[in-house]
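In order, the protein sequences belong to chains A and B. With this note's numbering as the guide, the letters of the first sequence map in order to residues 6 to 560. With this note's numbering as the guide, the letters of the second sequence map in order to residues 6 to 560. From the three backbone atoms N, C-alpha and C, an ideal C-beta is built for every residue, glycine too. It should be emphasised that the depicted structure is a prediction, and the values quoted were computed from it without experimental measurement.
There are 2 protein chains.
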Amino acid sequence: MSHSLFETHQKTLEAAVEAIHKRDFWSPYPEVPSGRIYGEHAKKEGWAAFEARRNSTFSIGQPAGAGTVGDEKSPFGLELNIRYPSPDLGAMISAASDAAAKWRDAGVAARTGVCLEALDRLNKRSFEIAFAVMQTTGQAFMMAFQAGGPHAQDRGLEAVAYAYEEMTRHPTVATWTKRVSKTDSVTLEKRFRLVPRGVAAVVGCSTFPTWNSYPGLFASLVTGNAVIVKPHPRAVLPLAMTVEIVRDVLSDQGFDPDLVTLAVDTLDKPITGDLVTHPQIGIVDYTGGTEYGNWIEQNAKQAIVFTEKAGVNCVVFDSVSDLKAVTGNLAFSLGLYSGQMCTAPQNIFIPKSGIKSGDAVITFDDAAAAIVKALNWLLGEPARAVEILGAIQNERTLERIESVGTSGAEVLRASESVAHEQFPDACVRTPVVLKTTADRKDLFMREMFGPIAYIIATESTDHSLELTVEAARAHGAISCGLYSTDAGVLDRGVDVLTAAGVPVSCNLTGQVYVNQNAAFSDFHVTGANPAGNATFCDAAFVASRFRLVESRVQV
Amino acid sequence: MSHSLFETHQKTLEAAVEAIHKRDFWSPYPEVPSGRIYGEHAKKEGWAAFEARRNSTFSIGQPAGAGTVGDEKSPFGLELNIRYPSPDLGAMISAASDAAAKWRDAGVAARTGVCLEALDRLNKRSFEIAFAVMQTTGQAFMMAFQAGGPHAQDRGLEAVAYAYEEMTRHPTVATWTKRVSKTDSVTLEKRFRLVPRGVAAVVGCSTFPTWNSYPGLFASLVTGNAVIVKPHPRAVLPLAMTVEIVRDVLSDQGFDPDLVTLAVDTLDKPITGDLVTHPQIGIVDYTGGTEYGNWIEQNAKQAIVFTEKAGVNCVVFDSVSDLKAVTGNLAFSLGLYSGQMCTAPQNIFIPKSGIKSGDAVITFDDAAAAIVKALNWLLGEPARAVEILGAIQNERTLERIESVGTSGAEVLRASESVAHEQFPDACVRTPVVLKTTADRKDLFMREMFGPIAYIIATESTDHSLELTVEAARAHGAISCGLYSTDAGVLDRGVDVLTAAGVPVSCNLTGQVYVNQNAAFSDFHVTGANPAGNATFCDAAFVASRFRLVESRVQV
């Protein structure tokens, strides 16, 4: 087996391994959608490639059942009408198993080379993938490009780097010599083989189909497993393109492409339950809603299961030095992709007595008004607003936005439709902001996915922290913002929040946001509260995807 | 918090970390029960200390219910009559949780120092623990000393070394700077806190109470968790002494000793189910029978579960260069602790056409006879035999030995009682050896725990390998012996067996045995077949016992 792909990408791998230890900013995949980087016509060609997928059948060449399936709807109102091969899970698992021995035996360098090459090719096609992500998830273009392209590739590379380190941590051969008497010793030559689990399933979500799926996909693949990718029925295309690209690299290198296949289903006829509980599925990676994630954790007993679910994310206001800078930052976090991120804030806790700003006290109502004002400013221009908000991905989110106003909380800012010049049928909504009190846990102590924010009056900052911890322990939390100019409050807050498994972002202003997590530096989801049992990325995410099995010979 | 214990033992830790990467023989704990190493009177004092435990109540000072419990019976016939505190799981879990924050906040070095000191103190009391292991498990003295003392301490240290490496793999503080425009950059200072899972449960077994429990105990403890140790009702004393010693070190260092407590139950009133499914138990380590291990894997859904269960271990005879050396080695493996090891061989596959030895062919019957002869020679002298066999730990094992002769297989060698000079009431039995054919899977394709060996006539070596793989995939396997003078057969055998998750020992003769696994070099249980889901020891065994939770501050 040639290691030429490994050598081609070795420097990237080494830099990635260094980055996960250093945890400074690093990325080999430029996040700026610039023609100077990706090619003068890259954007146009990407759109054309995406366009060519519409109203057509996406053929993959993998084992498939009769007919085709497809159920995607663009939140921007574009007709997609893409058909995919009908899945035949038995045939796919059987083909995956047949292909696996050669993949396993190819060794760490060959497998790592294939994965790095696939990531590189994905990067080169970032525009095409960005349009696919945009038109299935409702993300605005910039986010679709960055999160769906380079940042997703970063997360995939990060998983490869962790897995590579783990796979090369032990020697493959060792000599063991033990003295058994004054004159005698015994010697064994030991070999340690890497044995993968078998066939892995990656279950994608509707909002970040690539970013959330690449870690599991590449972690399982590079450690020697075959992978069946099961996209969300509403966000298939970005993962179909991914599978196609990975299969191309496998074929080019002489491997059976059926190592990686695509299992598409529809909302009416879901197949995820059958897939993740199949006796031959040894690994499951799931990103998506909490309820179904919990079901998988409880029922996919034959597999090791990695989940990234959802939670109730909070922001705690204690004191600020520059309220405008704070609310400007928070407004962007609330508006970004209409709160359809698992890291988006939902509950904003402010003491009813107000917050300090230098020597002054800002009343609760003034602080709340400042948040609303910042949102109004941010989203005042429709052309700018749609590039932040994107579109609403899911009808249930839309219903939630519409029903929340009559739930008993005071509406400080109603959600509004925004016209999209380029896509007149796009479903764009601004955030609804509600005001309530800490005793109305029936309203805010649950996940309200989408552009819905509660500003909640509490007794004190300690009370706000208590409620944040309660939400995290009961429902999970993936992010948390804490604003204080008091070092003691910051310390205490970080103490109690991190103990509850909540990552905390303190005093964010400017161009870095509570809902952003950067590969090679930020651990995404902690695994330490109900929001998920795994993190992107650590050794626990990769180490159990393979086992070392020893043979020893007396010499 | 003082790190003086860390400094005291730092060299041992560093050598252990080096050893797990090198995988040559290494141990800081001498395995020879010599007065020159452990003190001139160590054996006598150890016996006296053990004697003082008999007919007394073992007081621990931990939260406890009313009354005492105790159900131990010495397989050597010695009256034990030791009473332990009655467990109050709610109070123990509550005390453990209260004690945990200080332990977590003490940091990696302080916790590692405590664990290393505890292992050192355990080592110094190896004789006392050896007698406790011997008189509860039925192991002969030498094995009780080695496996119950230094080798168990090795396994504990190995887990600490893996966990230490994992805990120190990432920086605790990092600066992240990202350029956001031509002139601007944002900088975050990030801190990564280690957050343990909470309270761990370690469920011990009746045959190797210390060796099998120390990895989980020390891995959970050093990563910041509290630990409740639940010994097998028949092998409490070695773990009670262990808990006492660990608690002493914790107290000495100013920690709440209730971080580590002992939960003793009886066969009549087991508490393991309640313990491992308790909502506050976040980690379960289990060693023992397959059936109950499977139950825990399926039912302790709130925890991460590590199991080391049992399997059907096989030996494949293809060809030999020195039959006497081979059968001498195999006889010892069959006799050692009367086959009551999870690594002991059970099925010996020999082609019905015989095996090659140089140019000659040894018939099936001659090969089988040689195994019987080697056993007869090994166990011919009662005084020597009892030091190899030990005593039968479990009445069900005794029943199995007695019933197996009438199952339809031909008895080549009947099990016999052996008189024990020192312990006249000891229950000592030699192995029963049976002959059967490959079609009698009803007999041999299941675990027959204890001194029971089947010699099975197969069609060919490939057939023998097929059956070994079948046994491993269906019932698990923890060891396998392969004898061949043909390099091609060895390669093929190692290929198919390791792919089935079975560690293979090739051509063992002399003083190294298929049932032995050395810490820092051999991975014990692969986690790649039904014999268990974890291994002693790798990153997967330690990495998910804690999580990293981040806080980041804009600077």
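| Who are the near neighbours of K591(B) in its chain, counting only those whose CB is closer than 8 Å to its CB and skipping five residues on each side? | In the structure as shown, chain B starts at 6 and stops at 560, and residue 591(B) therefore has no counterpart that could be examined.
| task | Find the residues of chain A that neighbour Q516(B), judging by a C-beta separation of less than 7 Å, and give them in chain order. | result | The residue given as residue 516(B) occupies position 511 in the second sequence. Within chain A, the residues near Q516(B) are V185, V191.
| task | Starting from K195(A), follow its DSSP beta bridges and name the residues at the other end. | result | As a working mapping, residue 195(A) is identified with position 190 in the first sequence. When DSSP reads this structure, K195(A) sits in a beta bridge with A179(A), R557(A).
| query | Is it true that the CB of R252(A) sits closer than 7 Å to the CB of P243(A)? | reply | For this step, residue 243(A) is matched to residue 238 along the first sequence. For this step, residue 252(A) is matched to residue 247 along the first sequence. Taking the C-beta atoms as reference points, R252(A) is found no nearer than 7 Å to P243(A).
| Contacts around V248(B), its chain only, beta-carbon distance under 6 Å, and the 5 residues preceding and following it disregarded | Mapped onto the second sequence, residue 248(B) falls at position 243. Cβ neighbours of V248(B) beyond the five flanking positions: V234, V265, L267.
| field | DSSP-derived helix/strand/coil call for Y43(A) | value | Reading the first sequence from its first residue, position 38 is the one you call residue 43(A). Helix at Y43(A).
| task | Give the secondary structure of M6(A) by DSSP, where H, G and I count as helix, E and B as strand, and everything else as coil. | result | Along the first sequence, one-based indexing puts residue 6(A) at 1. Note that M6(A) scores 48 on pLDDT, short of 50, meaning its location in the model is unreliable; the coordinates nonetheless yield the value given after this. M6(A): coil per DSSP, three-state reduction.
| In three-state DSSP terms, what is K357(A)? | Indexing the first sequence from 1 puts residue 357(A) at position 352. Secondary structure of K357(A) (DSSP, three-state): coil.
| Is D588(A) helix, strand or coil by DSSP? | In this structure chain A extends from 6 to 560, so residue 588(A) is not present and cannot be described.
| message | Any beta carbon from chain A within less than 7 Å of D563(B)'s own beta carbon? | response | Residue 563(B) is absent from the model: chain B starts at 6 and stops at 560.
| task | List the residues that DSSP assigns as beta-bridge partners of L362(B). | result | Along the second sequence, read from residue 1 onward, the residue named residue 362(B) stands at position 357. The residue you asked about is not Leu; residue 362(B) is Ser in the sequence shown. Bridge partners of S362(B): A365(B).
| request: Mind checking who I461(B) pairs with in its DSSP beta bridge? | output: Taking the first residue of the second sequence as position 1, residue 461(B) is located at position 456. The partner list for I461(B) (beta bridge, DSSP) reads F354(B), T441(B).
| task | Starting from the beta carbon of C210(A), find every residue of chain B whose beta carbon is closer than 7 Å, and list them in chain order. | result | The residue given as residue 210(A) occupies position 205 in the first sequence. Here the premise fails: no neighbours, minimum Cβ distance about 22 Å.
| Beta carbon of A477(A), beta carbon of N534(A): below 7 Å? | Along the first sequence, one-based indexing puts residue 477(A) at 472. Along the first sequence, one-based indexing puts residue 534(A) at 529. Contact flag set, yes.
| field | Whole-angstrom distance between L193(A) and P35(A), CA atom to CA atom | value | Numbered from its first residue, the first sequence carries residue 35(A) at position 30. Numbered from its first residue, the first sequence carries residue 193(A) at position 188. Going by the C-alpha atoms only, they are around 50 Å apart.
| task | Taking C120(A) as part of the alpha helix (DSSP H), name the residues at either end of that continuous run. | result | Here residue 120(A) refers to the residue found at position 115 of the first sequence. Here the alpha helix (DSSP H) through C120(A) covers 94-129.
| request: Kindly indicate the opening and closing residues of the beta strand (DSSP E) around K235(B). | output: Here the question's residue 235(B) lines up with position 230 in the second sequence. Unbroken beta strand (DSSP E) run through K235(B): 231-235.
| request: Tell me whether T466(A) sits in a helix, a strand or coil according to DSSP, three-state version. | output: For the purposes of this step, residue 466(A) is identified with residue 461 of the first sequence, where counting begins at 1. Assigned with DSSP and collapsed to three states, T466(A) falls in helix.
| query | Is the Cβ of F311(B) closer than 7 Å to any Cβ of chain A? | reply | Sequence index remark: in the second sequence, residue 311(B) carries index 306 (1-based). F311(B) does not count as touching chain A.
| request: Name the residue from P33(A), M450(A), F11(A) whose alpha carbon lies nearest to the alpha carbon of A21(A). | output: On the first sequence, position 16 is the one that residue 21(A) refers to. For the set P33(A), M450(A), F11(A), the Cα lying nearest the Cα of A21(A) is the one of P33(A).
| query | When Cβ atoms are compared, which residues of the region 27-38 of chain A fall closer than 8 Å to chain E? | reply | The structure shown has no chain E; the protein chains it does contain are A and B.
| Touching or not, the region 534-545 of chain B and the region 544-554 of chain A, by the rule of three or more beta carbon pairs under 8 Å? | The region 544-554 of chain A and the region 534-545 of chain B touch, with three or more beta-carbon pairs separated by less than 8 Å.
| Looking at I286(B) and A206(B), is the spacing between their C-beta atoms short of 7 Å? | The count along the second sequence starts at 1 and reaches residue 206(B) at position 201. The count along the second sequence starts at 1 and reaches residue 286(B) at position 281. A Cβ-Cβ contact shorter than 7 Å links A206(B) with I286(B).
| In chain order, which beta strand (DSSP E) runs of at least 3 residues are fully inside the region 280-357 of chain B? | Runs of the beta strand (DSSP E) inside the region 280-357 of chain B: 286-292, 309-313, 319-322, 352-356.
| query | Does the Cβ of R58(A) have 16 or more other Cβ atoms within 10 Å, making it buried, or fewer, making it exposed? | reply | For the purposes of this step, residue 58(A) is taken as residue 53 along the first sequence, with counting starting at 1. A buried status is given to R58(A), since no fewer than 16 other beta-carbon atoms sit within 10 Å of its beta-carbon.
| Which stretch, first to last residue, makes up the beta strand (DSSP E) that contains R418(B)? | For this step, residue 418(B) is matched to residue 413 along the second sequence. In the DSSP assignment, R418(B) falls within the unbroken beta strand (DSSP E) covering 415-418.
| request: Report yes if the C-beta distance between P275(A) and A240(A) is below 7 Å; otherwise report no. | output: In the first sequence, residue 275(A) corresponds to position 270, counting from 1. In the first sequence, residue 240(A) corresponds to position 235, counting from 1. In this structure, A240(A) does not lie closer than 7 Å to P275(A) by Cβ.
| Contacting positions in the region 493-525 of chain B - beta carbon closer than 8 Å to chain A | Taken in chain order, the members of the region 493-525 of chain B whose beta-carbon sits within less than 8 Å of a beta-carbon on chain A are L495, V499, L502, T503, A504, G506, V507, P508, V509, S510, C511, N512, L513, T514, G515, Q516, V517, A523.
| In terms of residues, what are the limits of the alpha helix (DSSP H) holding T503(B)? | The residue you call residue 503(B) lines up with position 498 of the second sequence. Per DSSP, the continuous alpha helix (DSSP H) segment holding T503(B) begins and ends at 492-504.
| task | Express the C-alpha separation of V558(A) and D323(B) in angstroms, rounding to a whole number. | result | Translated into positions along the second sequence, residue 323(B) becomes position 318. Translated into positions along the first sequence, residue 558(A) becomes position 553. Rounded to whole angstroms, D323(B) to V558(A) spans 15 Å at the Cα level.
| request: Throw me the rounded Cβ distance for the S343(B) and P436(B) pair, which I believe falls under 8 Å. | output: Working through the second sequence from its first residue, we reach residue 343(B) at position 338. Working through the second sequence from its first residue, we reach residue 436(B) at position 431. Right, the Cβ-Cβ distance comes to about 7 Å (below 8 Å), so this counts as a contact.
| Just curious, the alpha helix (DSSP H) that D486(A) is in, first and last residue? | Counting from one through the first sequence, the residue named residue 486(A) turns up at place 481. What sits at residue 486(A) in the sequence shown is Gly, not Asp. Bounds of any alpha helix (DSSP H) do not take in G486(A); it lies within the beta strand (DSSP E) bounded by 485-488.
| task | Identify the contact partners of D527(A) in chain B, using a Cβ-Cβ distance below 7 Å as the criterion. | result | Taking the first residue of the first sequence as 1, we reach residue 527(A) at position 522. The contacting residues are E555.
| message | Output needed in chain order: residues of the region 291-303 of chain B with a Cβ under 8 Å from some Cβ in chain A. | response | If you check each beta-carbon in the region 291-303 of chain B against every beta-carbon of chain A, the ones closer than 8 Å belong to E302, Q303.
| Under the three-state DSSP convention, the category Y167(A) falls into | Residue numbering aside, residue 167(A) sits at position 162 when the first sequence is read from its first letter. DSSP places Y167(A) in helix when its eight states are reduced to three.
| field | Sub-7 Å separation of S362(B) and V325(B) beta-carbons | value | As a working mapping, residue 362(B) is identified with position 357 in the second sequence. As a working mapping, residue 325(B) is identified with position 320 in the second sequence. For the pair S362(B) and V325(B), the CB atoms are nearer than the 7 Å cut-off.
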